[in-house]
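Residue 135 in this note's numbering is what sits at position 99 of the sequence shown, and the numbering runs on without skipping anything.
The beta-carbon is built from N, C-alpha and C at its ideal position, and this holds for glycine as well.
Computed from a predicted model, the values in this text were never measured in an experiment.
One structure is given here, and the rest of the page talks about it.
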Amino acid sequence: MNLLHTLWGFIQLLWRNHRNRLLGLLLGFIGPWLVFVKVSQEVWEGDGLPLDQAILELLHRMDSPIQDAVAVWMSRAGGTFWTPVVEAAVLVGLLLARQRRAALFFFLSVGGAGALNLFAKLLLARPRPTLWASIAPETTYSFPSGHAMGAAALALALGMLLWPTRARWVVVVVGTGWALLMGWSRVYLGVHFPSDVLAGWVGSMGWVGSMHLLFDRSALDLSRLWSDARTYWLARRD
């Protein structure tokens, strides 16, 4: 009982003094990777998520010509041409502004997310859904969604670069909406399971969060947290 009381006091101390840092690590790094690994494990075992088929069928029952047009446009916008063009434009802009460190962060964030996506596709080799004939068929592997992963990586990388500025909220709102709409379009078109999209989102969160920890020294500076922990345990021992 005394040990539990001590541990609870320790947790309260860390939460009180380092709430923002701990939340950042949990939501932007640890949590996304745990979800990505868990969903990957479910796909590896051949199951996927329990609601995969039900969500696909629900969206298909609600189809309409307008939704068809929007989903197809999103598919093209997030494909192998327009998204790389936008990413290249951002990268060139950063280099012209002599923001080399920011340019490297952006390149590794979006490029690394793409590499992770390709690796996971080849490793898990999940077939595409075949519940109906899609109006925008795909032939590559399904897991994770490259469109969802690319949209999330672009939004997250831009958001982190612009976080010190007033433009951050524009990027957060527009980027979040873009990533969500991209994910919806892939499931609506019947070319991805919902678990593919979820893995794409959280995979990008985990990867870009990892790059943020690598490039932002203050984000990974745990010296104060360690100092508080050491002081607390020494005081309890005495």
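Where do the ends of the alpha helix (DSSP H) carrying residue i lie?
i, result
"I91", "88-97"
"F65", "Premise fails: F65 is in no alpha helix (DSSP H) and is neither H nor E."
"P101", "101-113"
"L140", "136-160"
"F229", "Unbroken run through F229: none, as it is neither H nor E."
Indicate the three-state DSSP secondary structure (helix, strand or coil) for residue i in the structure shown.
i, result
"Y224", "helix"
"P180", "coil"
"S165", "Going by the sequence as given, residue 165 is Pro instead of Ser. Looking at P165 - three-state DSSP - the assignment turns out to be coil, as it is neither helix nor strand."
"T116", "coil"
"T212", "helix"
"R204", "helix"
"S246", "helix"
"W199", "coil"
"S240", "helix"
"L85", "coil"
"S170", "coil"
"A125", "helix"
"L130", "helix"
Look at the alpha carbon of residue i and the alpha carbon of residue j, and state the distance between them as a whole number of angstroms.
i, j, result
"T212", "W205", "10 Å"
"G129", "G115", "22 Å"
"W237", "P68", "9 Å"
"A138", "A187", "19 Å"
"L132", "T166", "46 Å"
"E78", "R134", "44 Å"
"I66", "H228", "25 Å"
With 16 other CB atoms within 10 Å as the buried threshold, where does residue i fall?
i, result
"W202", "Looking at the sequence itself, residue 202 is Arg, so the reference to Trp does not match. With fewer than 16 Cβ atoms within 10 Å of its Cβ, R202 is classed as exposed."
"T119", "buried"
"E123", "buried"
"F72", "buried"
"M37", "The pLDDT assigned to M37 is 46, lower than 50, so where the model puts this residue is not dependable, and the model offers no usable value."
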